[in-house]
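**Student:** The sequence shown: position 65 = 69 (this note's numbering), numbered continuously.
Cβ coordinates follow ideal geometry from the N, Cα and C atoms, glycine included.
Please see the structure below; I have some questions.
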Amino acid sequence: MKTLVLSVAVTMLAAGLAVADDDYPVAVEDLPQAVSASVQAYFPGAEIVSAKTDEDDGRRTFDLKVDYKDLVLRVETRADGRIREIDMDRGYKGLVRTLGREASLSEVGVGALPQEVQGAVADIFPGSKIVSAAQGEDGGRTYYRLRAKQRSLLLRLDVRADGRVLDIDTEK
Numbered sequence: 005m006k007t008l009v010l011s012v013a014v015t016m017l018a019a020g021l022a023v024a025d026d027d028y029p030v031a032v033e034d035l036p037q038a039v040s041a042s043v044q045a046y047f048p049g050a051e052i053v054s055a056k057t058d059e060d061d062g063r064r065t066f067d068l069k070v071d072y073k074d075l076v077l078r079v080e081t082r083a084d085g086r087i088r089e090i091d092m093d094r095g096y097k098g099l100v101r102t103l104g105r106e107a108s109l110s111e112v113g114v115g116a117l118p119q120e121v122q123g124a125v126a127d128i129f130p131g132s133k134i135v136s137a138a139q140g141e142d143g144g145r146t147y148y149r150l151r152a153k154q155r156s157l158l159l160r161l162d163v164r165a166d167g168r169v170l171d172i173d174t175e176k
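Here's what the structure looks like:
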């Protein structure tokens, strides 16, 4: 009887784990044309390194790893090519440092941004428009938190004063 109960418990646990992680790899060459075309439209010359597919709210989505201008981005797109999310999370070490970095932000005018910062955004997202900016400090270095409009997406970017991109996220 104990063996039967243990077997049932293991089977139920395995079934629950399978449902929780229902994404599976997809060969890059097997992606829908609309997905590949959309990635090229947002990131000209980018290479899709890997892909997984999943069902999200009853819709098929693709989670892509994209190599673009020496950055590795995670891009989520629908099967019709609509990009839902862009993420480059390099992270910041330590909660205290993260809180200090966030607390240091103060609004600045977009026109006051260093040319290196504006150039970095224009290089990564050609045709985008920076809509707001804040200046802060991270580990003794000045960085800028930007909100930029790229096609249909509103992005949040953290860019150091020297133009190094620290983080990219899609705002919802």
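(1) Beta-carbon within less than 6 Å of D27's beta-carbon, same chain only, minus the 5 sequence neighbours each way: which residues are those?
(2) Quick one: using the 10 Å Cβ neighbour count with 16 as the cut-off for buried, is L77 buried or exposed?
(3) Cα separation between V12 and I87?
(4) To the nearest whole angstrom, what separates the beta carbons of V121 and V163, a pair I think is in contact under 8 Å?
(5) Once DSSP output is grouped into helix, strand and coil, what is the label at S110?
(6) Measure the C-alpha to C-alpha separation of V43 and L150 and round it to an integer number of angstroms.
(7) For E141, which residues from the same chain have a beta carbon less than 6 Å from its beta carbon, with the 5 sequence-adjacent residues on both sides left out?
(8) Between D74, L35 and R105, which lies nearest to Y147 when the distance is taken from Cα to Cα?
(9) With DSSP collapsed to three states, give me the class of D27.
(10) From L68 to G62, what does the alpha carbon distance come to, in whole angstroms?
(11) With DSSP run on the structure shown, which of helix, strand or coil describes R105?
(12) With respect to the beta strand (DSSP E) encompassing V169, which residues constitute its N-terminal and C-terminal limits?
**Tutor:** According to the structure shown:
(1) K56 and D58
(2) buried
(3) Interpretation of V12 is limited by its pLDDT of 45, a score under 50 that renders its predicted location unreliable; no figure is taken from the coordinates.
(4) 5 Å
(5) strand
(6) 22 Å
(7) S108
(8) R105
(9) coil
(10) 19 Å
(11) helix
(12) V169 to E175
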